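According to mature numbering (1 follows the signal peptide of the UniProt record, and there is no 0), the sequence shown holds residues -19 to -1, 1 to 809 in order.
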Amino acid sequence: MRPYLLITWLLLLCGTMHAQHKAISGKIVNRFNREPVAFASVYWKQAGFGCVSDSNGVFTLRTPVGTDTLVISFVGYATQNLPSAYVLNAPELLVQLETEAPRETAVVKSKFNKGLRWWRALVQHKVANTPRNFSLYYCELYNKMELDICNLDKEQFEKRKLLQPLAFVWNNVDSTSDTHPFIPVFLTEAVSDYYTSANPAKTREDIRALQTNGIKNETVLEYMGGLNQKINAYDDYFIIFGREFISPTSKAGDQYYNYKGADTQTIGGEKYFHLLFTPKHAGENVFSGDCWLHSGTWALQKITLETKDGININFVQRMSLVQEYRRLPGGEWVVAKDKAVVSLSPFSKNKLSFTGRKTWIYSNIRLNQPFIADKLERQTKTEQVTVADSAILAGKAYWAQQRPEALTVNEQHAAHLIDTLRELPAFKRLSNTVTFVVDGHKQYGKIEIGPWYQWFSRNQLENTRLRFDLGTTAAFSENLRLYGYLAYGFRDAKFKGKIAASFSFPGNHRWTIAPSYVHDLDNGRTRFHDEEIATDNLFSQLLRRQHIPQKFLGIDQLKLAITRRFSSDFSVQTHLSRSNYETFHPLPPKQQFSLLTNGEVTNTEAGVLFRYAPGEKTIFTHRNQHKLKSNLPVTELSYSFAIPDMMRSEYHYQKIGINISQQFRLPRWGQVTYMAYGGKIYGKQVPFMLLEIHPGNEIYYYSKDAFNLMNRFEYISDRYAGINLEHNFDKKLLNLLPFMRKSKMRQFWNIKTVWGDLGYSNRLFNRIEFGSYHLRSLKGHTYTELGTGFDNIFRFFRIDAVWRMVPPAVSQPEVPAFGVFGSFKLQF
């Protein structure tokens, strides 16, 4: 028996030795942005041995004898402890570390602070290391965008009847994130050739392959490409969601950040310094994070910027920005990868939220090559995006070869899940209901109705007003839209309405033809077409200022407008219209402005509008155009003239006008917005409705373009010049008050002023300051309003306090010298 016992003992010994030498492998990533955590410490707590993850966050470690605990730690992250039973049984060990809030520590000011020395060296070498605006640049660009629904509550999900038919999606919840469950519901990828030149400044992106789930609008897809705004980590400050953030590489960074030198590592034979940074003060738009600095050049090799609670951006719970660089053989540093991860929540913290992830990877970079110049030389536009006809035909084999990074399991789930949801009747009903409430319109195949908030309204002329809108959808035609409405006023017992069409010729909306006919009241709209203070909606009567009689013009107008877009920057619109006007009490009767015996006020006009908006992007939907403005001035120049005797037209005049508007940031001091305008009308005996009617506001809802303490039709001019200027300080001043640091409110001030005058002939013809209704002229003086207030109250609301400075208000209750107005706006 002894030989058998000996053999058994030897087998057990060999098994034990084998177990001791068994190795485990895993990867360590940031839980939020999924970026690898390099050089993290990994060790067995009881056995006392371990290793360090490599530059890709990967580690390999032998297992201990018996049970133990695997400890994973890294500076800036919460330490994670995993039992050996879980580690040994995990098919793929993915360790997700969560960043931890900076600890309140005493800051020792010393000229020998290693972190400060590294930061100063980084700043001193910024000019040399910043990826320059290369004369000619080319790369193969891969970008990916994913949207996840996060913080799902399975119990609540299954209880709500509206969501019960969608319960199957719970099977797609990410199994590696039990404490942070999410469902990937959207994914798009693109591979393109990307070209830029410095002189002349041109950018071109040719999308070779594209696959997407969810978005079908081609224009939207274009702006998911490389032309999106991305940060430059060397800038002193960034503009993100329209808000300013101070960069840790800023020359003034030591006023906003604490810097700490961590350690030194060797990557690819080169030595790098690890620099950490945390905010100095709460309530400021700054980051926590770290960066790796190349020891020889003090250039950034990688930087990670993260924010959590306390940033002054609405709905953004958390944000992470990652930028990686690599050095070309010629010594130039270029961006190799950009990544942005944002968690948005329309509700309170830890409720249902959305996480968007976008990644750009730049490969095969070429500088100053002749083929780049040849490609851009034939391009006439400053920016151009093309999509190859075969882009959507790329198959799985192509994508597997072209992706610089393989899709995760969660990303692979997204495509199938979205296709399933889109075909599910319950999801369609839920989607349509949300769209109807928010957008106001509801689609029924080829037609749509709405907006619902204009179905019912009240005013002093019509009393109760009912309105019904009907229009065609993209299912009817991609290029042609027919729309209109029918309204009825119960007091005046009259029908009103509009019928219109808009046709865009195929090919980037270069030509648009829009005929229309309207027979309705002006409903409080100004020359700015400000829908926010129009009276034909459900809420206007509730906000109307007391003791002010409502004033209306009746308009019967036939119009044809033709728009030619030469580029995304420049467009020309021409129009021809024939209008007949009606006045209602208390405005003067129309007969006193008629030059004909029939007492009608009829005018035929032709005009042209030139619009130049450098850097502006336009996203076209079937119903609207959404303009994404840059920080450069937008200039509009208009010219129009009356055509006497055409379609019974009675008047003779010419109008010229100019409008310049811009919004831009003042570094560390918020945002400035202005609109400067002016014009002149050449003509005699021109009725007031064809002159410049300075825009007033007669409701308590604040109008950004109108004078809020001026009544409608209070002042008219035939020559005028004015400016609206607003400076929003964000939280710059409020942060001086310690109890306001955690508030998201923003403070602003503004001024609106206009100079105007009216020629002698037009003063006589319009009986200025005579008659039952006193039309007025500014007589070569100015009208000025000053205002201040708070924005972003409870994330939506704004309160304005406005003073009427000059001319002084007359002693009438309907013309106050001070007023308080409210408004709301969905903004970041």
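From the three backbone atoms N, C-alpha and C, an ideal C-beta is built for every residue, glycine too.
All of these numbers come straight from a predicted model, not from anything done at the bench.
| Query | Result |
| --- | --- |
| According to DSSP, simplified to helix, strand and coil, what is Lys657? | The residue asked about is misnamed: residue 657 is Ala in this sequence, not Lys. If DSSP states are grouped into helix, strand and coil, Ala657 belongs with the strands. |
| Where does Tyr343 sit, in a helix, a strand or coil, going by DSSP? | strand |
| So, at 6 Å on beta carbons, what are the nonlocal neighbours of Lys806 in its own chain, with the 5 sequence-adjacent residues on each side left out? | none |
| Between Asn94 and Val104, what straight-line distance do the alpha-carbon atoms span, to the nearest angstrom? | 16 Å |
| If you draw a straight line from the C-alpha of Phe574 to the C-alpha of Gly580, how long is it? | 8 Å |
| Rounded to the nearest angstrom, what separates Glu170 and Asn124 at their Cα positions? | 6 Å |
| Please report the straight-line C-alpha distance between Thr763 and Asn692, rounded to a whole angstrom. | 16 Å |
| Do three or more CB pairs link the stretch 450 to 470 to the stretch 480 to 488 at distances below 8 Å? | yes |
| According to the Cβ coordinates, are Leu523 and Leu541 closer than 8 Å? | no |
| Using DSSP bridges, identify the partner residues of Ile637. | Tyr620 and Lys661 |
| Distance, Cα to Cα, Lys197 vs Lys661? | Below a pLDDT of 50, predicted positions are generally treated as unreliable, and Lys197, at 48, falls in that range; no measurement from the model is reported. |
| Could you tell me the alpha carbon to alpha carbon distance between Trp273 and Arg307, rounded to whole angstroms? | 12 Å |
| Since His607 sits in a beta bridge, which residues does DSSP pair it with? | Ile600 |
| In this structure, how does DSSP classify Ile704 when only helix, strand and coil are distinguished? | strand |
| Tell me, which residues are paired with Asn124 by DSSP? | Ala171 and Trp341 |
| Relative to the C-alpha of Arg748, which candidate in Ile680, Ala233, Gly234 and Pro668 has its C-alpha closest? | Pro668 |
| In this structure, does DSSP put residue 810 in helix, strand or coil? | Residue 810 cannot be examined here, being either before or after the span of the chain that is shown, -19 to 809. |
| Under a three-way DSSP split, which group does Gly96 fall into? | helix |
| Going by alpha carbons, who is nearest to Gln393 out of Trp100, Phe622, Glu617 and Gln192? | Gln192 |
| Tell me whether the stretch 701 to 714 and the stretch 642 to 660 touch, counting them as touching only if at least three CB pairs, one residue from each stretch, are closer than 8 Å. | yes |
| Could you check the C-alpha separation between Pro625 and Ile373 for me, to the nearest Å? | 55 Å |
| Give the DSSP bridge partners of Gln643, in chain order. | Tyr655 |
| I'd like to know whether the C-beta atoms of Tyr632 and Asn584 end up nearer to each other than 8 Å. | yes |
| Alpha carbon to alpha carbon, what distance is there between Glu429 and Gly421? | 10 Å |
| Can you say whether Arg359 is buried or exposed, counting buried as having 16 or more other CB atoms within 10 angstroms of its CB? | exposed |
| Work out the CA separation of Ser621 and Gly470 for me, nearest whole Å. | 33 Å |
| Smallest Cα separation from Lys318: which of Trp279, Ile494, Ile346 and Asn62? | Ile346 |
| If you follow the alpha helix (DSSP H) that Tyr741 is part of, which residue opens it and which one closes it? | Tyr741 to Phe746 |
| Report yes if the C-beta distance between Cys120 and Tyr379 is below 8 Å; otherwise report no. | no |
| Touching or not, the stretch 556 to 571 and the stretch 526 to 541, by the rule of three or more beta carbon pairs under 8 Å? | yes |
| Can you say whether Leu759 is buried or exposed, counting buried as having 16 or more other CB atoms within 10 angstroms of its CB? | buried |
| Quick check on Glu404: buried or exposed, where buried means 16 or more other Cβ atoms within 10 Å of its Cβ? | exposed |
| Nearest-angstrom Cα distance between Leu286 and Ser269? | 6 Å |
| Go ahead and pull the three-state DSSP assignment for Asn689. | coil |
| Kindly indicate the opening and closing residues of the alpha helix (DSSP H) around Asn213. | From DSSP, Asn213 is part of no alpha helix (DSSP H); its letter is neither H nor E. |
| Using 8 Å as the Cβ pair cut-off and three pairs as the minimum, do the stretch 244 to 251 and the stretch 219 to 235 touch? | no |
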